[in-house]
Amino acid sequence: MYDVIVVGGGNAALCAALSASEFKKKILVLERAPEDEAGGNSRFTAGLFRIVYTGPEDLKTLIPDLSADEIANTDFGTYTEEQFFDDMGRVTEYRCDPDLTEVLIKNSFSTARWMRERGVRFTAAWGRQAFKIGGKFKFWGGLTLEAVGGGPGLVESETQLAKKAGIEIWYGARALSLIADDDGVHGVVVRKNNKTLEVRARAVVLAAGGFQANTEWRTRYMGPGWELAKVRGTRFNTGDAIRMALDVGAAAHGNWSGCHAVAWDRNAPETGDLAVGDGFQKHSYPWGVYINADGKRFVDEGADFRNYTYAKYGRVILQQPKQFAWQIFDAKVKGQLRDEYRIKQVTKITGNTLEELVSKMDDTDQKTALQELKEYNAAVQTEIPFNPNVKDGRGTRNLRINKSNWANTLDTPPFEAYAVTCGITFSFGGLKVNTQAQVINSDGEPIRGLYAAGELVGGIFWFNYPGGSGLTNGAVFGRIAGRSAATSSARPGS
12 MYDVIVVGGG NAALCAALSA SEFKKKILVL ERAPEDEAGG NSRFTAGLFR
62 IVYTGPEDLK TLIPDLSADE IANTDFGTYT EEQFFDDMGR VTEYRCDPDL
112 TEVLIKNSFS TARWMRERGV RFTAAWGRQA FKIGGKFKFW GGLTLEAVGG
162 GPGLVESETQ LAKKAGIEIW YGARALSLIA DDDGVHGVVV RKNNKTLEVR
212 ARAVVLAAGG FQANTEWRTR YMGPGWELAK VRGTRFNTGD AIRMALDVGA
262 AAHGNWSGCH AVAWDRNAPE TGDLAVGDGF QKHSYPWGVY INADGKRFVD
312 EGADFRNYTY AKYGRVILQQ PKQFAWQIFD AKVKGQLRDE YRIKQVTKIT
362 GNTLEELVSK MDDTDQKTAL QELKEYNAAV QTEIPFNPNV KDGRGTRNLR
412 INKSNWANTL DTPPFEAYAV TCGITFSFGG LKVNTQAQVI NSDGEPIRGL
462 YAAGELVGGI FWFNYPGGSG LTNGAVFGRI AGRSAATSSA RPGS
């Protein structure tokens with residue numbers, strides 16, 4: 012008999028296990044993947060955390076080795092609770108659950124501090140979230156904190172901390188169903204080493220990700236065409252834990268037809284490759300132009316900072332003819348392209364003229380594309396200075412789809428174009444929970460002994476999400492779920 016069983020092996024699950032271990036000793040983590048693929052989607056991330064902070068002093072509590080020179084040469088800005096609330100409301104079209112969102116935001120800094128105290132190491136995300144202007148780095152978009160080693164480093168750190176805390180981890184252990192009766196949940200049926208066994212516990216935390224790697228569920232809930240999307244992360248997130256909970260009466264909740272989906276290399280594998288990680292993503296589109304197979308621009312590339320558009324533009328790309336598009340840049344912005352544009356597994360063409368570049372655009376109406384790019388160049392408001400650190404208002408005039416910010420003429424060779432498709436990260440629909448991470452049944456009551464955290468919780472993200480809030484969400488509610496499960500397991504008669 013375990014005190015708490017945690018289903019899942021990523022950031023939310025490991026935070027739940029670590030939290031539970033502060034109150035109880037017999038904690039078991041069930042990770043469906045073999046050890047060399049463990050860590051869920053967390054292992055495929057850049058390791059960025061969106062948190063509330065008031066300035067460098069707050070960050071220094073999370074990054075103790077932040078030097079005086081680094082602080083002097085960096086404008087970290089601030090990120091207030093109000094800004095976080097505004098960002099969550101705006102990008103989810105004000106659908107986000109207000110109670111859960113409040114818990115997420117108000118616990119974001121204290122949870123990161125708890126992780127640091129447990130032994131997780133952080134750094135500032137200079138390489139991804141800051142540009143150097145006038146000799147000084149400036150952070151933008153409220154996203155500053157990064158786990159050392161990115162997603163793989165985060166998972167490795169949390170795994171070692173769990174083992175050090177005496178938490179048992181079973182790899183290759185697929186949870187099949189919950190052991191439940193009228194009194195609640197009492198354990199998990201597990202398939203391990205080709206054997207099915209019942210594992211009993213006083214409480215269970217579900218933290219096994221969404222259903223994005225389940226082709227049939229994607230098409231059923233998100234609609235026709237979603238079977239054509241690439242899966243950015245783990246192949247093991249097929250919705251098992253969601254199904255298990257629904258089978259015992261849990262309420263489905265949230266944006267079941269919605270997901271986090273980004274621009275992803277057109278020729279990337281069908282599911283994530285740990286050797287490449289998130290390198291197939293292509294997120295520098297605000298500095299360039301999108302062209303679809305019909306040779307047309309189809310989206311405002313500069314509508315907002317990347318943090319607030321990248322998670323919804325994957326869906327837009329999937330809706331284009333042939334489910335792909337080109338991102339086009341000239342040499343002026345090459346230095347601002349993120350590292351992912353320099354991986355060897357990239358679908359890229361180059362040209363010394365726009366005519367040469369367009370002639371290499373396979374599967375594309377090349378004549379229309381060249382005309383579209385020329386019309387775009389003529390429409391750029393070149394009198395407004397370009398500034399990547401702010402919404403600079405340098406847009407276009409009188410186009411069918413205007414670009415709002417960061418519009419640069421494509422006039423400096425060599426020109427580059429990258430072919431991208433849709434990469435789905437995680438599904439937004441899931442289980443209904445309360446602020447204590449208890450799973451709620453379809454009658455609106457908590458299911459005794461059952462808790463949930465991470466991507467499989469519905470109601471927090473709708474349509475889109477602010478970058479870096481996924482790992483924060485997993486950590487905040489993982490910590491709450493672990494604590495709730497461990498303390499509730501002490502109740503009489505359980």
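Here the sequence shown is numbered in our numbering, starting from 12 and rising by one per residue.
Built from N, CA and C at the ideal position, the CB exists for glycine as well.
These figures come from a predicted structure and were not determined experimentally.
Following the DSSP letters along the chain, one finds residue 97 inside the alpha helix (DSSP H) bounded by residues 92 to 102. At least 8 angstroms separates the beta-carbon of residue 21 from that of residue 469. Ranked by Cα distance from residue 373, the options 430, 312, 33 and 237 are led by 430. For residue 258, the enclosing alpha helix (DSSP H) has its first and last residue at 251 to 258. Here residue 293 carries a coil assignment [DSSP, helix/strand/coil]. Measuring C-alpha to C-alpha distances from residue 57 to each of 95, 338 and 162 identifies 162 as the nearest. The region 402 to 421 and the region 318 to 334 do not touch, with fewer than 3 CB-CB distances between them shorter than 8 angstroms. In this structure, residue 319 lies away from residue 294, with their beta-carbon atoms at least 8 angstroms apart.
The DSSP-derived three-state label of residue 82 is helix. In the three-state reduction of the DSSP assignment, residue 53 falls in the helix class, which pools H, G and I. Boundaries of the alpha helix (DSSP H) harbouring residue 116: 109 to 117, taken from the DSSP string. Taking all protein chains in view, the Cβ of residue 168 is crowded by 16 or more other Cβ atoms within 10 Å, so the residue is classified as buried. Taking the Cα positions, residue 189 is about 8 angstroms away from residue 197.
Beta bridge pairing from DSSP links residue 473 with 475. Between residue 325 and residue 152, the C-beta gap is not smaller than 8 angstroms, which leaves the two residues out of contact. In the structure shown, residue 150 adopts extended strand secondary structure according to DSSP, grouped into three states. Where residue 457 is concerned, there is no enclosing alpha helix (DSSP H), although the beta strand (DSSP E) around it starts and stops at 457 to 463. A distance below 6 angstroms between beta-carbons, with the five flanking residues on each side excluded, links residue 239 to the following residues of its chain, in chain order: 334.
Residue state for residue 345 is assigned as helix, using DSSP reduced to three classes.
Rounded to whole angstroms, the gap between the alpha carbons of residue 361 and residue 371 is 8 angstroms. Per DSSP, residue 447 is not a residue of any alpha helix (DSSP H), being assigned neither H nor E.
Judged by DSSP in its simplified three-state form, residue 387 adopts helix. The closest CA to that of residue 132, considering only 142, 121, 145 and 158, is found on 158. Here residue 264 is bridged, per DSSP, to 441.
In the DSSP secondary-structure assignment, residue 426 is bridged to 362. By the Cβ-count criterion, residue 232 is buried, with 16 or more other Cβ atoms from all chains shown falling within 10 Å of its own Cβ. Look at the beta carbons and you see the region 452 to 470 not touching the region 133 to 150: under three pairs across the two are nearer than 8 angstroms. The criterion of a C-beta distance shorter than 8 angstroms is not satisfied by residue 338 and residue 288.
Using a 10 angstroms sphere on the CB of residue 352, the tally of other CB atoms reaches 16 or more, which defines it as buried. With a 10 Å radius around the Cβ and a threshold of 16 neighbouring Cβ atoms, residue 98 comes out buried. Residue 228: member of the alpha helix (DSSP H) spanning 226 to 233, first to last residue.
When DSSP states are grouped into helix, strand and coil, residue 484 belongs to the helix group.
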